[in-house]
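Following this note's numbering, the numbering of the sequence shown begins with 35 at its first residue and continues without gaps.
We put the beta carbon where it would ideally sit given N, CA and C, even for glycine.
Computed from a predicted structure; not experimentally measured.
Data first, discussion second: the structure below is written as structure tokens.
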Amino acid sequence: MSSSSSSSSSSSLNNTAMLLFLAFAGLPVLGNLHMLGVLPHQNLDRLAKKYGPIMSLRLGLVPAVVVSSPEMAELFLKTHDINFASRPKVQASEYISYGTKGMAFTPYGSYWRNIRKLCTVHLLSNSKIESFKSMRGEEVRIVVDSIRVAAESVETVDLTEKVGSLVEDLTYRMVLGVKDDKFNLKPVIQECLRIAGAFNLADYVPYIGALDLQVWLIFSYLLLCYYCNYYTALMEY
């Protein structure tokens, strides 16, 4: 009876595994990318309802695990956090992060821990943040005053633009001590975020990266040139 039960259970498990394999085998080269569609979060939710809270997909040539329950998320983000701490390598980071050297893109390891420590001690320490308290208050008051004036005049206020300008002005004053119009950081940040967040087929099928089918390499290289000129001017300021 025990042997029969075990055999039945094993057979059931193998059948389930085979169904999952057949469902997620994917297309040659592209894998399961076509299953994500225009709204990946909705399509992944539908797949999770059918196959469970943890799934294995192949995005191009990149293996991926999709979790969709608090319990599974805790396993990945807390219990086994270090094993999944690194970001996937993206083509754009080779340019906009100087060979994946920035803290946002570099793999978890001793180098990442060192640059995080430098940022924590020299940029984000309580004493450093406290030293900019009056400056932050001054810049926030300027923004609030401009919103109040616009409200009194019944004018439309673009909060995205206001907050973006606030962050930009704070950055200038923290780095340079003053605001200088010749250092226009906002379009650089916007372009960086656009390139880093864009869908790039080369991130999932790396061997076609050199072909630059979506022209992201050119955009990334131009942004790198802008970065170099910007930092050179900043150091000479």
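Using the Cβ count rule (16 or more neighbours within 10 Å means buried), how would you classify residue i?
{"i": "residue 266", "result": "exposed"}
{"i": "residue 139", "result": "buried"}
{"i": "residue 185", "result": "exposed"}
{"i": "residue 187", "result": "exposed"}
{"i": "residue 257", "result": "buried"}
{"i": "residue 130", "result": "buried"}
{"i": "residue 81", "result": "buried"}
{"i": "residue 259", "result": "exposed"}
Compute the Euclidean distance between the alpha carbons of residue i and residue j, then round it to the nearest angstrom.
{"i": "residue 83", "j": "residue 99", "result": "15 angstroms"}
{"i": "residue 115", "j": "residue 165", "result": "33 angstroms"}
{"i": "residue 169", "j": "residue 136", "result": "27 angstroms"}
{"i": "residue 272", "j": "residue 209", "result": "Because the chain here runs from 35 to 271, residue 272 falls outside it and cannot be looked at."}
{"i": "residue 232", "j": "residue 167", "result": "35 angstroms"}
{"i": "residue 120", "j": "residue 240", "result": "18 angstroms"}
{"i": "residue 220", "j": "residue 202", "result": "7 angstroms"}
{"i": "residue 122", "j": "residue 160", "result": "31 angstroms"}
{"i": "residue 271", "j": "residue 215", "result": "13 angstroms"}
{"i": "residue 181", "j": "residue 189", "result": "9 angstroms"}
{"i": "residue 110", "j": "residue 76", "result": "21 angstroms"}
{"i": "residue 95", "j": "residue 63", "result": "6 angstroms"}
{"i": "residue 195", "j": "residue 229", "result": "20 angstroms"}
{"i": "residue 112", "j": "residue 74", "result": "24 angstroms"}
{"i": "residue 69", "j": "residue 162", "result": "47 angstroms"}
{"i": "residue 154", "j": "residue 147", "result": "10 angstroms"}
{"i": "residue 85", "j": "residue 118", "result": "22 angstroms"}
{"i": "residue 178", "j": "residue 171", "result": "10 angstroms"}
{"i": "residue 158", "j": "residue 72", "result": "38 angstroms"}
{"i": "residue 78", "j": "residue 60", "result": "15 angstroms"}
For residue i, which residues in the same chain have their Cβ closer than 7 angstroms to its Cβ, ignoring the five residues on either side in sequence?
{"i": "residue 93", "result": "65, 66, 67 and 238"}
{"i": "residue 243", "result": "125 and 236"}
{"i": "residue 141", "result": "120"}
{"i": "residue 204", "result": "170 and 173"}
For residue i, which residues of its own chain have a beta-carbon under 8 angstroms away from its beta-carbon, when the five flanking residues on both sides are left out?
{"i": "residue 227", "result": "none"}
{"i": "residue 128", "result": "134 and 254"}
{"i": "residue 105", "result": "87"}
{"i": "residue 150", "result": "137"}
{"i": "residue 212", "result": "206"}
{"i": "residue 97", "result": "90 and 91"}
{"i": "residue 250", "result": "125, 126, 229, 232, 234 and 236"}
Less than 8 angstroms separating the Cβ of residue i from some heavy atom of the ligand SAH?
{"i": "residue 97", "result": "Of the ligands one can find in the structure shown there are none, so the ligand SAH has no counterpart to examine."}
Do you know whose CA, among the options, lies nearest residue i's CA?
{"i": "residue 173", "options": "184, 197, 133 and 147", "result": "197"}
{"i": "residue 261", "options": "141, 224, 245 and 207", "result": "224"}
{"i": "residue 108", "options": "126, 128, 87 and 97", "result": "87"}
{"i": "residue 234", "options": "141, 217 and 252", "result": "252"}
{"i": "residue 103", "options": "124, 89 and 129", "result": "89"}
{"i": "residue 264", "options": "222, 152, 148 and 249", "result": "222"}
{"i": "residue 176", "options": "157, 158 and 199", "result": "199"}
Are the C-beta of residue i and some C-beta of chain C separated by less than 9 angstroms?
{"i": "residue 252", "result": "Chain labels in this structure do not include chain C; a single protein chain is all it has."}
Excluding the 5 residues preceding and the 5 following residue i in the sequence, name in chain order all residues of the same chain whose CB lies nearer than 6 angstroms to its CB.
{"i": "residue 191", "result": "181 and 184"}
Please go through the region 59-147 and give each complete beta strand (DSSP E) segment of 3 or more residues, from N-terminal end onward. 88-93 and 96-101
Which ranges would you report for the alpha helix (DSSP H) in the region 193-266 if only whole runs of at least 4 residues count? 193-210 and 220-231
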